[in-house]
Amino acid sequence: MRKFRIYLFRFLTLILTSALLICCSFVTVFSAAKVDFALNDCSTDNNRLFTVSMTADCDKKLSAASFEFTYDKSMFEFRSAKVSDKTSKITYNELDEKVKLVFLNTDGIGISKGEEIFTLTFKAVKSGTGYIDFYVSDCVDSDINSIDAGKCTSGKITVNSKSSDNSSSKSSTDKSDKSDSSSAKSERGKAEETTSASTYDEIGQLNSFDNPNTRFLIIGILLGASLIAAGMLIYNIFKRIKFNRNKSKDSPDE
């Protein structure tokens, strides 16, 4: 019986140690540096170019990040992207359903105060309210360490109907924009004529289960709970066996 108690004590000690290590890993996950990104809101007139700024906020310097932008293409047409710092570089590619962009800065750019890292230029082609949403991945700091993407706040764009088409100062610009709009629509087809409802709200997407640390956290919780449950089950079984043995010893022989 003494050996049984020793083995049981060692087993419970192992269970508690495992649970403690899992709790420590939770603390590490929650204390890891995260970088928040946000697109500014904007109000513009229909058939006009507008620019939105991408800002980043983190105590560490940002050296690299990958972006995917989605938006209602019947309301907005992507035109270009431009870095805000001469030491930074971007590469972007417009696809059928989204725009992919990679940000690079060899020495890292300081973003401790929510600095602007690049801008995006679009053209408004339909009045109304829409959102420019985005997803961020592969964030790296100046020490070549991975950083988690935190909150990603979408840009809310309000497009007003044109009210000054007769203005002489804008006549040449409007004609040029109309020509660009007609050629773009003919190439992109009828699919862009219907405005689809935005699938994102005002606060943007939060990178929930796409974050690897979130998945590890959930797995750790389930693993810890399973270990504790198994330990309690084994303890109750051994306790029941001990009780039955003592009961058999105390009962009179027939």
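FYI, my numbering numbers position 133 of the sequence shown as 183, with every residue one higher than the one before it.
The beta-carbon is built from N, C-alpha and C at its ideal position, and this holds for glycine as well.
Since we're looking at a predicted model, the values are computed, not measured.
Asp91 to Ile207 span [Cα, whole Å]: Taking the first residue of the sequence shown as 1, we reach residue 91 at position 41. Taking the first residue of the sequence shown as 1, we reach residue 207 at position 157. When rounded, the distance between both Cα atoms is 6 Å.
With 16 other Cβ atoms within 10 Å as the buried cut-off, status of Phe293: Locating residue 293 in the sequence shown gives position 243, where the first residue counts as 1. When all chains shown are included, Phe293 counts as exposed.
Within-8 Å CB hit, Asp146 to chain B: Absent from the structure: chain B. Only one protein chain is present.
Sub-8 Å separation of Tyr185 and Gly205 beta-carbons: The residue given as residue 185 occupies position 135 in the sequence shown. The residue given as residue 205 occupies position 155 in the sequence shown. Contact: no.
Beta bridge counterpart(s) of Phe172 as assigned by DSSP: The sequence position of residue 172 within the sequence shown is 122, counting from 1. Phe172 is bridged by DSSP to Phe100 and Phe128.
Inter-residue spacing [alpha-carbon to alpha-carbon] between Ile65 and Thr171: In the sequence shown, residue 65 corresponds to position 15, counting from 1. In the sequence shown, residue 171 corresponds to position 121, counting from 1. Whole-angstrom Cα-Cα distance: 56 Å.
Counted within 10 angstroms of its Cβ, other Cβ atoms place Gly274 as buried (16 or more) or exposed: As a working mapping, residue 274 is identified with position 224 in the sequence shown. Buried, because 16 or more other Cβ atoms sit within 10 Å of the Cβ of Gly274.
Nonlocal neighbours in the same chain, by C-beta distance under 6 Å from Asp215, ignoring five residues either side: Counting from one through the sequence shown, the residue named residue 215 turns up at place 165. Per-residue confidence for Asp215 stands at a pLDDT of 46, beneath the threshold of 50, marking its modelled position as unreliable; no derived number is given.
Cβ-Cβ separation, Asp191 to Gly158 (assumed contact under 8 Å), whole Å: One-based indexing of the sequence shown puts residue 158 at position 108. One-based indexing of the sequence shown puts residue 191 at position 141. Contact flag correct, Cβ pair sits at about 6 Å.
Segments of 3+ residues assigned as beta strand (DSSP E) that fall wholly inside the stretch 139–216: Every beta strand (DSSP E) stretch that sits fully inside the stretch 139–216 and reaches 3 residues is listed by chain position as 139–144, 149–159, 165–174, 178–191, 196–203 and 205–210.
Thr63 versus Leu267 - alpha carbon distance: Taking the sequence shown and counting its residues from 1, one reaches residue 63 at position 13. Taking the sequence shown and counting its residues from 1, one reaches residue 267 at position 217. CA-CA distance, Thr63 to Leu267, rounds to 23 Å.
Ala114 in three-state terms, based on DSSP: Translated into the one-based positions of the sequence shown, residue 114 becomes position 64. Residue state, collapsed to three classes: strand.
Distance between beta carbons of Val133 and Tyr142, contact taken as under 8 Å: Along the sequence shown, one-based indexing puts residue 142 at 92. Along the sequence shown, one-based indexing puts residue 133 at 83. About 11 Å separates the two Cβ atoms, so there is no contact after all.
Given Ser162 as reference, the closest of Ala115, Cys108 and Phe128 once Cα atoms are compared: The residue labelled residue 162 in the question sits at position 112 within the sequence shown. Nearest of Ala115, Cys108 and Phe128 to Ser162, Cα basis: Cys108.
Option in Lys173, Thr120, Asp135 and Glu144 with minimal Cα separation from Leu99: For the purposes of this step, residue 99 is taken as residue 49 along the sequence shown, with counting starting at 1. For the residues Lys173, Thr120, Asp135 and Glu144, the minimum Cα distance to Leu99 belongs to Lys173.
Selection from Ile167, Tyr285, Ile194 and Cys202 that minimises the alpha carbon distance to Phe119: Start at 1 with the first residue of the sequence shown, and residue 119 comes out as number 69. It is Cys202.
Supposed contact pair Asp95 and Lys176 - C-beta distance, whole angstroms, cut 8 Å: One-based indexing of the sequence shown puts residue 176 at position 126. One-based indexing of the sequence shown puts residue 95 at position 45. With 8 Å as the limit, Lys176 and Asp95 do not qualify as a contact, their Cβ atoms being about 12 Å apart.
DSSP state of Thr63 mapped onto helix, strand, coil: The residue labelled residue 63 in the question sits at position 13 within the sequence shown. Reduced to three states, the DSSP call for Thr63 is helix.
Classification of Lys110 by the beta-carbon crowding that lies within 10 angstroms, buried from 16 upward: As a working note, residue 110 is residue 60 in the sequence shown. Buried: at least 16 other Cβ atoms inside 10 Å.
Within 8 Å, strictly: CB atoms of Asp183 and Tyr285: Translated into the one-based positions of the sequence shown, residue 183 becomes position 133. Translated into the one-based positions of the sequence shown, residue 285 becomes position 235. Between Asp183 and Tyr285, the C-beta gap is not smaller than 8 Å, which leaves the two residues out of contact.
Three-state secondary structure assigned by DSSP to Lys84: Here residue 84 corresponds to residue number 34 of the sequence shown, with the count starting at 1. Strand.
Contact under 8 Å by Cβ, Ile167 with Ala106: Against the sequence shown, residue 167 aligns to sequence position 117. Against the sequence shown, residue 106 aligns to sequence position 56. Yes.
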